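**Student:** Attaching a single structure in structure tokens format; questions to follow.
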Amino acid sequence: MAIEKDLKTILGKLKYSDDAKVVAQITDQMKQVQARMAGIKHKLVVMSGKGGVGKSMTTVNLALALARQHARVGLLDVDLNGPCVPRMLGLHGRSLTMTPEGALPPVGPLGVKVASMDFFLGAASPVRWKGPMDVSPVWLGLMEMNVIREFLADVMWGELDYLLADLPPGAAADKPPVIAGFIPDLAGAIVVTTPSEVASDVVQKSVTYARDMGIKVLGIVENMSEYRCPSCGELNELFEGNTDAMCEALDLPLLGRIPFDRKLARTFDKGEPLLDETYPTIQRYQDIAGRIRTLLDYKRVLAEKL
Amino acid sequence: MKFVCLNCETYMNFEKVEKPGEGSLGVFFGCPSCGAKFSMVTNPGETQMVSSLGVQLGGRTTEAQPFEMTRGTLKEEAQAGSGQMAAYLNEKIQGGQPVAASTPGKAGEKSGGGCPFSAMVAEMGLTSSGKPANGGPGKSEFSWSPDAQEKLDRLPAFVKPMVQSSVEAFARKQGYQTITLQVMDDSKNDSPNGMAWTPEAQQRLDNIPDFIRPMARKEIERLAKERGVVTITAQVMDDAKDKFMKFM
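Here is the structure:
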């Protein structure tokens with residue numbers, strides 16, 4: 064007890080010095096993230112509490128839609144353990160080009176730049192880390208966060224209008240909102256759901272948690288709203304949910320509805336994405352991208368319409 | 403982490419880092435006053451924890467390379483097994499003996515399906531779904547008109563509690579005893595910030611595209627709050643318009 068009191072007194076008189084230069088290095092890392100992100104006008108994350116709702120399909124198509132609208136777009140696949148964006152865009156097998164200044168991302172369809180963990184992995188290899196702590200969940204969490212920090216700090220995106228980050232699934236005190244918190248001057252989050260009540264329930268929690276973290280949620284995209292028949296093109300319902308009611312309860316706009324479209328999905332599965340902007344499902348992505356742009360430019364809209 | 407020389411009442415200086423063995427760091431400190439020295443030695447796990455921060459103790463001696471940590475830590479296909487830390491702990495703590503199985507539960511004690519929190523959940527009187535074990539939410543203090551109740555019941559189960567709670571909070575604030583369809587509609591326009599909107603201001607808000615309206619409402623209410631106003635009037639809307647014009 065006496066030592067504790069003495070120590071408190073001693074520490075009160077001492078001035079902290081970072082002689083092991085740890086704090087300085089962490090500060091430098093943060094500065095580098097800031098510097099690398101400085102050339103990007105709008106940084107957005109695409110998230111959902113629920114897995115399997117089509118976050119990656121939505122992110123990739125929104126990136127392509129924005130690129131069709133003459134924007135310079137980057138796409139960061141933050142799903143370290145299940146990266147699929149490169150495969151969807153026909154970039155599987157490509158890699159980042161390492162230079163002393165940073166890593167150059169490969170360029171996909173419509174000029175979309177892509178960075179993904181997939182570029183570090185072999186054909187069917189999962190992410191495996193070496194070292195004595197490779198099975199420690201605490202260490203894995205720390206490691207993954209620092210890998211994401213490297214993606215933010217080391218990729219040379221150059222000047223971009225939009226950077227879209229495809230976050231892994233997770234709802235509350237989990238990775239996605241924390242990852243979003245890494246990104247300086249984040250413009251907001253786009254949340255993907257399906258009309259199923261199970262998905263909506265989890266998605267609702269992730270919206271609440273993201274707001275608690277100070278992340279501005281821009282709106283909801285309802286994926287797999289209907290099923291577009293590949294033969295006749297007719298649309299049929301897949302689920303019996305009510306995304307409108309969820310949006311109303313959360314005071315969020317529904318940015319758009321995307322049908323499950325087997326024809327479109329197949330082209331992404333093959334890495335040969337359909338890019339025809341007259342295709343009906345792609346038009347829906349175009350509409351959502353337009354709404355996102357309006358939301359990001361809402362001050363101008365308010366000035367005109369109020 | 404810092405070390406203090408209790409004799410001299412000063413921080414010890416970081417001096418150097420050595421690698422005394424595979425997966426281990428020896429970090430040397432010295433007291434600037436009495437010259438006392440000591441070294442802190444890390445185990446493999448602690449060493450890896452430090453390296454996964456992407457920092458080098460004592461500062462960098464070479465330029466950082468892009469994806470240095472990611473590339474340096476990814477395991478290659480040919481590399482063997484895992485759990486080296488477990489082996490290390492086993493060696494140090496158990497002297498290489500297999501770790502004994504955990505003590506079996508007392509006779510008749512329910513395992514809770516292996517969930518480490520099952521006992522805590524049971525103590526809190528919750529079921530495994532997290533819902534109270536003895537029934538649903540408490541009875542409403544309000545009476546709901548049949549048409550309002552029907553509208554509420556039509557909502558999906560996951561939204562219903564949130565809407566019910568929001569409408570009842572509005573009714574409580576307004577001093578209503580009965581919730582009708584009109585109360586439900588009025589509650590939608592109720593601001594969580596306690597702001598009231600005049601019909602004219604509300605009409606002007608309705609001119610904004612629906613997907614941008616929630617954001618517009620928040621921005622205008624924030625402006626009103628900054629100015630100490632509790633009712634959004636046409637004047638507040640004009641002020642908001644002027645403010646947004648500056649961003650054009």
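Protein chains in written order, with the numbering used here: chain A, 64 to 369; chain B, 403 to 650. Cβ coordinates follow ideal geometry from the N, Cα and C atoms, glycine included. Predicted model only: the values in this text are computed from it and were never measured.
With DSSP as the reference, label R320(A) as helix, strand or coil.
**Tutor:** Looking at R320(A) - three-state DSSP - the assignment turns out to be strand.
**Student:** Just to confirm the assignment: which complete beta strand (DSSP E) runs, minimum length 3, are found wholly within the segment 571-596 of chain B?
**Tutor:** Correct list: empty.
**Student:** Measure the CB-CB distance between L315(A) and I283(A) and report whether it falls below 7 Å.
**Tutor:** Their beta carbons are under 7 Å apart, which means L315(A) touches I283(A) by this criterion.
**Student:** Report the rounded CA-to-CA distance for I211(A) versus G334(A), giving the unit in angstroms.
**Tutor:** Spanning the two alpha carbons is a distance of roughly 25 Å.
**Student:** Measure the alpha-carbon distance for D224(A) versus R354(A) and round it to whole angstroms.
**Tutor:** Going from the Cα of D224(A) to the Cα of R354(A) covers about 15 Å.
**Student:** Please report how far the alpha carbon of M639(B) lies from the alpha carbon of V565(B), in whole angstroms.
**Tutor:** The straight-line gap from Cα to Cα measures roughly 28 Å.
**Student:** How would you call N286(A), buried or exposed, if buried means at least 16 neighbouring beta carbons within 10 angstroms?
**Tutor:** That one is buried.
**Student:** Please classify G474(B): does DSSP put it in a helix, a strand, or coil?
**Tutor:** The answer is helix: DSSP assigns G474(B) an H, G or I state.
**Student:** Taking only three categories from DSSP, how would you classify W220(A)?
**Tutor:** Coil.
**Student:** Look up L298(A) in the DSSP assignment and give the residues it is bridged to.
**Tutor:** Answer by DSSP bridge pairing, in chain order: R291(A).
**Student:** Keeping to the same chain, check which residues put their C-beta closer than 7 Å to that of K418(B); ignore five residues upstream and five downstream.
**Tutor:** F430, G460, listed in sequence order.
**Student:** For the segment 548-559 of chain B, which residues have a CB atom closer than 8 Å to at least one CB atom of chain A, in sequence order?
**Tutor:** Residues L557, P558, A559.
**Student:** Would the segment 334-352 of chain A count as touching the segment 123-137 of chain A if we require 3 or more Cβ pairs under 8 Å?
**Tutor:** The segment 334-352 of chain A vs the segment 123-137 of chain A: in contact.
**Student:** If you drop the 5 nearest sequence neighbours on each side, which residues of the same chain put their C-beta closer than 7 Å to that of M522(B)?
**Tutor:** Interpretation of M522(B) is limited by its pLDDT of 38, a score under 50 that renders its predicted location unreliable; the figure taken from the coordinates is listed afterwards. Here the set comprises nothing.
**Student:** Considering only C-alpha positions, which residue in the set K113(A), F245(A), P168(A) is nearest to T257(A)?
**Tutor:** Ranking K113(A), F245(A), P168(A) by Cα distance to T257(A) puts K113(A) first.
**Student:** Am I right that V109(A) and I253(A) are in contact with their C-beta atoms under 8 Å? What's the rounded C-beta distance?
**Tutor:** Indeed they touch by this definition, with Cβ atoms about 5 Å apart.
**Student:** Would you please verify whether the beta carbon of N209(A) is less than 7 Å from any beta carbon of chain B?
**Tutor:** Judged by the 7 Å Cβ criterion, N209(A) is in contact with chain B.
**Student:** I believe D140(A) touches A178(A) by the beta-carbon criterion, under 8 Å. Please report the beta-carbon distance rounded to the nearest angstrom.
**Tutor:** D140(A) to A178(A), Cβ: 7 Å. Contact.
**Student:** Around the Cβ of A83(A), are there at least 16 other Cβ atoms within 10 angstroms (buried) or fewer (exposed)?
**Tutor:** It is buried - the Cβ of A83(A) has at least 16 other Cβ atoms within 10 Å.
**Student:** Rounded to whole angstroms, what is the Cα-Cα separation between P200(A) and E207(A)?
**Tutor:** Near 10 Å, if we compare the C-alpha coordinates of E207(A) and P200(A).
**Student:** Where does L226(A) sit, in a helix, a strand or coil, going by DSSP?
**Tutor:** Strand, per DSSP.
**Student:** So the alpha helix (DSSP H) K118(A) belongs to, where does it begin and stop?
**Tutor:** Here the alpha helix (DSSP H) through K118(A) covers 118-131.
**Student:** For M161(A), report the span of its beta strand (DSSP E) as first-last.
**Tutor:** That run of the beta strand (DSSP E) goes 160-162.
**Student:** Comparing C-alpha positions only, which one of V175(A), M151(A), K104(A) sits nearest to I246(A)?
**Tutor:** Comparing Cα positions, the closest option is K104(A).
**Student:** DSSP beta-bridge partners for H105(A)?
**Tutor:** Its beta-bridge partners are Y225(A).
**Student:** What number of angstroms, rounded off, separates the C-alpha of V585(B) from the C-alpha of S269(A)?
**Tutor:** Distance between the alpha carbons of V585(B) and S269(A): 29 Å.
**Student:** Hey, quick one: how far does the beta strand (DSSP E) through P422(B) stretch, first residue to last?
**Tutor:** Element bounds for P422(B): 415-423.
**Student:** Can you pull the DSSP bridge partners for I242(A)?
**Tutor:** Partner(s): none; I242(A) has no beta bridge.
**Student:** For a contact meaning CB atoms closer than 7 Å, what does D217(A) contact in chain B?
**Tutor:** Correct list: P468, F469.
**Student:** Starting from V255(A), follow the beta strand (DSSP E) in both directions and report where the run begins and ends.
**Tutor:** Per DSSP, V255(A) belongs to the beta strand (DSSP E) from 249-256.
**Student:** In angstroms with no decimal places, state the Cα-to-Cα distance between E420(B) and S453(B).
**Tutor:** Cα-Cα distance, rounded: 14 Å.
**Student:** Three or more C-beta pairs under 8 Å: does that hold for the segment 443-458 of chain B against the segment 70-90 of chain A?
**Tutor:** Flag = yes, the segment 443-458 of chain B and the segment 70-90 of chain A touch.
**Student:** Under three-state DSSP, which class holds G507(B)?
**Tutor:** The predicted model places G507(B) with a pLDDT of 39, which falls under 50 and marks its position as unreliable, so this point remains unresolved.
**Student:** Counting C-beta neighbours from all protein chains within 10 Å, is the total for K176(A) 16 or more, i.e. buried, or is it exposed?
**Tutor:** Label assigned to K176(A): buried.
**Student:** Straight-line CA distance for P293(A) to D350(A)?
**Tutor:** Those two C-alpha atoms are separated by around 22 Å.
**Student:** In the segment 164-214 of chain A, which residue ranges form an unbroken alpha helix (DSSP H) of at least 4 residues, counting only runs that do not cross its ends?
**Tutor:** With a minimum length of 4 residues, no continuous alpha helix (DSSP H) run stays inside the segment 164-214 of chain A.
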